[in-house]
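Visitor: Numbering (this note's numbering), first residue to last: 590 to 1023.
We put the CB at the ideal spot given by N, CA and C, even for glycine.
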């Protein structure tokens, strides 16, 4: 397939009247449209106003999609223990499948091609199957909670680790490597030391398996961990083995100097979730400090009950504006940096090679946007447009691994209307009152 339009190959490269040529699951060429047409005259053609790498949602909760809007105006621990965890505990396998499908559908429709997905304790295989069928690229993991968990989610430590290993053996590397596994303890508050250390041992036992958890999102969380362990959160995670280049820590809002040194020295990846941090009044992550230290910072939406959207373009805008107002510096987190966080940095955190840029020989994960919109008139700088003005519903074309998932604004790999209808029916039956 030969895709043409203004090509944003990466945060530094824009090709006006450009093209991207796809063969099988890879990009065969990127360049001027005229040159590509001459070299590949027989390829199927499709045009969009703007072509860009698919974004990476480096921390999401697809299976919370049925709870969009159930817990507005609450702080993190109340939000989690009074609303969201009880909802997760209630979900049947069929409901979990519907929630995951709804989440992945939203990603496809709004331009996210890769996600790091923090699932739930039970029925995680339903999300893996949904990801396989809908075509999303994902680093998924079953959640483990062996303390401080509501009925229906509390697990025996050994059983939690054994179930995680079963899922690794079944799904890690599935769909031609498009689906990979992350060992996923929920966070230090709900996991024993044995669970956390077991997570490291399990990840080390399998090539390419990563670790994904929450860290230092909220001051109450930090106080709890320090009271129980005598350490600040990042130091405790480092002590039990949950730092390193194969670890993704979501949030990291409240870290001190010594903790930031640990993150930098260990090469631990951080996911910035600005909308969630604002909505839950958790605080502002020190993203500029992390970047200055060479820490890989990716971008995530978190879950629909605390965002309440998985739109990556809205998240890019929020990411930049929050840092500017927090630092009182208009130069803080410019469009180029945010776009890189949402694409290449996310792919690095997720551990997917040759993903996050439009390059010859890289994976064909591509999105196309339309700009025949009042909101997109004029466009002086296409990168600025993508970060500060574009919306997820501007996305009309989505490709993952060379497979077209959405064309002309219509998802072609699933019945989107049926997914939404099933989700509405299941959501209507949930008991979400605290």
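1) On the three-state DSSP scale, how would you describe residue 973?
2) Would residue 656 be called buried (16 or more neighbouring beta carbons within 10 Å of its own) or exposed?
3) Please report the residue range of the beta strand (DSSP E) in which residue 730 lies.
4) Specify, as a first and last residue, the run of the beta strand (DSSP E) that residue 642 falls within.
5) So for residue 967, helix, strand or coil by DSSP?
6) Are there 16 or more other CB atoms within 10 angstroms of the CB of residue 914, so buried, or fewer, so exposed?
7) For the segment 969-977 and the segment 936-949, state whether three or more C-beta atom pairs, one from each stretch, are separated by less than 8 Å.
8) Assuming residue 692 is part of the alpha helix (DSSP H), what are its boundary residues?
9) When you compare the CB positions of residue 593 and residue 608, do they come within less than 8 Å of one another, or not?
10) Inspect the CB distances between the segment 658-678 and the segment 626-639 and report whether three or more fall short of 8 Å.
11) Do you know whose CA, among 782, 971, 633 and 748, lies nearest residue 602's CA?
12) Cβ of residue 890 within 8 Å of Cβ of residue 646?
13) Which word fits residue 650, buried or exposed, when buried means at least 16 other C-beta atoms lie within 10 angstroms of its C-beta?
14) Please give me, in chain order, every unbroken run of the beta strand (DSSP E) with length at least 3 that falls completely inside the segment 746-795.
15) Suppose contacts are defined by Cβ-Cβ distances below 8 Å. Is residue 994 in contact with residue 797 by that definition?
16) Quick check on the burial criterion: 16 or more other C-beta atoms within 10 angstroms. Buried or exposed for residue 681?
17) Output the residue ranges of the alpha helix (DSSP H) runs that lie fully inside the segment 906-946 and measure 4 residues or longer, sorted by chain position.
18) Looking only at its chain, what residues have a beta carbon closer than 8 Å to the beta carbon of residue 635, apart from the 5 residues adjacent to it on each side?
19) Within the chosen definition, does the segment 787-797 reach the segment 807-816 through at least 3 CB pairs nearer than 8 Å?
20) Out of 909, 926 and 928, which has the shortest C-alpha to C-alpha gap to residue 919?
21) Shortest alpha-carbon distance to residue 938 belongs to which of 979, 860 and 787?
22) So which of 802, 809 and 595 has the shortest CA-CA distance to residue 668?
23) With DSSP collapsed to three states, give me the class of residue 742.
24) Closer than 8 Å by C-beta to residue 878: which residues in its own chain qualify, once you throw out the five before and the five after it? Chain order, please.
25) Do the segment 695-708 and the segment 737-751 touch if we need at least three Cβ pairs shorter than 8 Å?
26) Which runs of the alpha helix (DSSP H), 4 residues or longer, sit entirely within the segment 841-879?
27) Compute the beta-carbon to beta-carbon distance between residue 720 and residue 708, rounded to the nearest angstrom, for a pair I have assumed lies under 8 Å.
28) So what does residue 801 bridge to, in DSSP terms?
29) If you drop the 5 nearest sequence neighbours on each side, which residues of the same chain put their C-beta closer than 7 Å to that of residue 853?
30) Tell me the DSSP secondary structure of residue 649 in three-state form.
31) By Cβ distance, which residues of its chain are closer than 6 Å to residue 783, with the 5 residues on each side in sequence left out?
32) Bridge partners for residue 895 per DSSP, in chain order?
33) From residue 892 to residue 863, what does the alpha carbon distance come to, in whole angstroms?
34) Could you tell me whether the Cβ atoms of residue 621 and residue 638 are closer together than 8 Å?
35) Assign residue 870 to buried or exposed, taking buried as 16 or more other Cβ atoms, counted over all protein chains shown, within 10 Å of its Cβ.
36) Residues bridged to residue 996 by DSSP?
Guide: Checking against the coordinates, here is how it stands:
1) helix
2) buried
3) 726-730
4) 634-642
5) coil
6) exposed
7) no
8) 682-699
9) yes
10) no
11) 971
12) yes
13) buried
14) 768-774
15) no
16) exposed
17) 924-929 and 935-939
18) 590, 591, 592, 593, 957, 986 and 996
19) no
20) 909
21) 860
22) 809
23) coil
24) 849
25) no
26) 846-855 and 863-868
27) So it is not a contact: roughly 10 Å between Cβ atoms.
28) 837
29) 882, 883 and 884
30) strand
31) 746
32) Residue 895 pairs with nothing; no bridge assigned.
33) 12 Å
34) no
35) exposed
36) 999
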